[in-house]
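Novice:
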Amino acid sequence: MSGEIHDLKITGRMLLGGVVTDGTVLVDGGRITTVTRGGGTEGGHAADARAAGARETIALEDGEVLIPGIVDTHVHINEPGRTEWEGFDCATRAAAAGGVTTVLDMPLNSNPPTLTVDALNVKKARAERKAHTQLGFWGGVDETNLGTGMLRRLWDEGVFGFKCFLSPSGVDEYGSLAYPKLEAAMREIASFGGQLIIHAEDPHELAEHGGHITDSYRSFVESRPAECEAAAVATVAELVERTGCRTHLLHISCGASVDVIREAKAKGLPITAETCPHYLTIDCDHIPDGNTAFKCCPPIRGLDEQDALWAGLVDGTLDFIATDHSPADAKMKAGTLATAWGGVSSLQVGFRAVLTEAKRRGLGLADAVRWMSANTARFAGFHDRGAIAPGKRADLVVIRPDESFTVHADELLSRNPISAFDGRVLDGVITRTMIGGATLHPADRDEAGDPANLIRRP
């Protein structure tokens with residue numbers, strides 16, 4: 001290492017192998033080449049990296065910790081077609097400001113949705129100069145592309161898998177799948193080794209329980225009770241056992257679903273599952289009446305369900321946390337809990353919300369990073385991110401995990417200043433976000449996106 005000049009050297013406290021310790025990271029060509037902790041060195045150099053020269057050196061300040069960038073696998077960016085709701089530029093700026101360095105975009109609520117290769121190419125073209133973070137794409141499946149060969153074509157174009165709904169999606173151009181069609185989709189996707197991701201709420205249960213929704217959020221919860229989700233999850237598990245399709249359950253919101261998933265995993269079924277920051281940090285009985293910023297499907301439930309979700313994370317039944325960032329403009333969020341658009345905007349603050357609640361429950365930074373970086377990266381098939389280690393991308397974040405801040409919705413970088421976290425005090429001030437070792441300045445509107453940030457399934 002003597003005499004070598006590296007692109008970047010970072011020294012200070014850092015999260016290495018689940019432990020915060022003093023260390024040094026060397027970066028070359030956008031990747032981590034050497035990691036030193038204490039007196040030992042990982043990577044291709046035996047000498048102490050602390051003595052290495054570099055073109056840029058970052059010395060972390062007291063209270064700062066270097067962590068791997070967050071990988072958010074569930075984000076609705078809505079471009080093209082509904083860019084007034086969000087868009088690639090605003091979304092990836094907000095992501096970077098919140099410590100998120102990789103974003104996977106959902107196939108809706110863009111219009112056209114990502115149900116065809118042509119629609120995927122339109123998205124890529126729109127995102128090319130607007131992606132400030134790494135950006136990949138999910139495909140979708142409904143009756144329009146089922147059995148047409150399009151799913152395999154999308155897979156070959158690098159989508160990360162296929163999203164389906166068992167109940168109405170909320171937009172006319174993206175249909176749902178009845179259970180026989182779901183089985184057909186599973187068989188088709190399994191035939192080429194793909195992955196299906198599912199919004200699991202049973203349409204029959206929803207029809208049975210749909211009641212009168214008032215200004216009370218609890219009334220909205222009662223219109224989409226836990227059994228709607230748990231029944232769908234149980235049916236999905238039966239179909240996975242029948243078809244062998246690799247299947248992921250999105251935004252799990254209740255303990256009954258966790259129980260079903262636990263049983264499915266005990267059978268060795270290829271099922272994974274996620275939950276979201278809003279289910280883990282907000283409860284329905286403390287939501288102000290009529291506040292549509294909190295409306296989402298499935299709904300935010302009570303504290304007993306929240307406790308069950310945390311238990312599912314701790315024991316590994318739930319694999320990770322993703323935001324399900326689903327923003328909309330004021331017009332779509334106007335009205336009542338019965339009529340307003342359902343979706344929580346959380347891309348910039350979701351990781352910090354989880355960190356804050358994790359600490360309150362006796363967990364910590366390492367847990368939040370595991371659930372929102374290492375495990376999400378593994379789920380998406382990334383071997384080059386999710387940890388600070390030699391060979392990984394230098395997608396890195398500097399955070400003050402013990403410093404708090406107040407969320408002000410009108411200061412967030414998402415296009416629309418609507419947030420269920422408005423006014424909340426959270427831990428975790430982000431002081432720097434790096435993509436491939438280069439520091440981003442998300443609030444700098446002159447900073448252009450990078451076409452190299454568009455990625456495909458590894």
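Residue numbering for the sequence shown follows UniProt numbering, beginning at 1 and increasing consecutively. Note that beta-carbon positions come from the ideal geometry of N, C-alpha and C, so glycine has one too. Because the structure is a prediction, the values reported are computed rather than measured.
(1) Whose C-beta lies closer than 6 Å to the C-beta of L8 among residues of the same chain, with five residues either side of it excluded?
(2) For I197, name the three-state secondary structure that DSSP assigns.
(3) Under a three-way DSSP split, which group does S223 fall into?
(4) Out of K331, H132 and E64, which has the shortest C-alpha to C-alpha gap to R82?
(5) Closest by CA to F294, which one among L318, T21, T92 and H325?
(6) Along the beta strand (DSSP E) that carries K9, what are the first and last residues, could you check?
(7) Given a threshold of 16 other Cβ atoms within 10 Å of its Cβ, counted over all protein chains shown, does E188 qualify as buried or as exposed?
(8) Determine the closest residue to F382 out of T92, V103 and T34, with distance taken between C-alpha atoms.
(9) Helix, strand or coil for M106? Go by DSSP, reduced to three states.
(10) Comparing C-alpha positions only, which one of M106, A328 and G69 sits nearest to R415?
(11) Using the Cα positions of G268 and L313, report the straight-line distance between them to the nearest angstrom.
(12) Are H132 and L426 touching if we call contact CB-CB under 8 Å?
(13) Going along the chain, which residues of its own chain have a beta-carbon closer than 6 Å to the beta-carbon of G17, five neighbours each way excluded?
(14) If you follow the alpha helix (DSSP H) that F379 is in, where does it begin and where does it stop?
(15) How long is the line joining the alpha carbons of S346 and R393, rounded to whole angstroms?
(16) Which residue wins for smallest C-alpha separation from A420, given the options K124, T292 and T24?
(17) Mapping DSSP to helix, strand and coil, what is C164?
(18) Could you check whether the Cβ of P288 sits closer than 8 Å to any Cβ belonging to chain D?
(19) Leaving out the 5 sequence neighbours to the left and right, which residues in its chain are closer than 7 Å to R152 when beta-carbon positions are compared?
(20) Buried or exposed for R224, please, with buried defined as at least 16 other CB atoms from any protein chain shown within 10 angstroms of its CB.
(21) Can you name the residues that DSSP bridges to E56?
(22) By Cβ distance below 6 Å, which residues in the same chain neighbour A340 in space, the five residues on each side in sequence not counted?
(23) From the DSSP output, in three-state form, read off D329 for me.
(24) For a quick check, are the C-beta atoms of residue 459 and G343 less than 8 Å apart?
(25) Roughly how many angstroms separate the alpha carbons of W371 and D307, rounded to a whole number?
(26) Can you say whether H408 is buried or exposed, counting buried as having 16 or more other CB atoms within 10 angstroms of its CB?
(27) Once the 5 residues before and after R456 are set aside, which same chain residues still bring their CB inside 6 Å of it?
(28) With which residues is L26 paired in a DSSP beta bridge?
(29) From the DSSP output, which residues share a beta bridge with M434?
(30) Comparing alpha-carbon positions, which option in T214, P458, A273 and A178 lies nearest H204?
(31) Which residue spans inside the stretch 62–121 form an unbroken beta strand (DSSP E) run of at least 3?
(32) Give a yes or no on whether the C-beta atoms belonging to T431 and R400 are separated by under 8 Å.
(33) So, helix, strand or coil for D446, using DSSP?
(34) If you count every other CB in all the chains shown that lies within 10 Å of the CB of L303, and 16 or more means buried, which is it?
(35) May I have the straight-line CA-CA distance separating C284 from R301, to the nearest angstrom?
(36) What residues in its chain sit with their C-beta under 7 Å from that of G99, if we drop five residues either side in the sequence?
Specialist: To lay it out plainly:
(1) V27, A54, E56 and G437
(2) strand
(3) helix
(4) K331
(5) H325
(6) I5 to L16
(7) buried
(8) V103
(9) coil
(10) A328
(11) 18 Å
(12) no
(13) none
(14) N375 to A380
(15) 25 Å
(16) T292
(17) strand
(18) The displayed structure is made up of one protein chain only, and chain D is not part of it.
(19) F192
(20) buried
(21) L8
(22) T292, K295 and K333
(23) coil
(24) Given a span of 1 to 458 for the chain in the structure shown, any question on residue 459 remains unanswerable.
(25) 16 Å
(26) exposed
(27) G158
(28) K9 and T34
(29) L396 and T439
(30) A178
(31) 65–68, 70–75 and 100–105
(32) yes
(33) coil
(34) exposed
(35) 5 Å
(36) G69, I70, F351, V397, I399, I430 and T433
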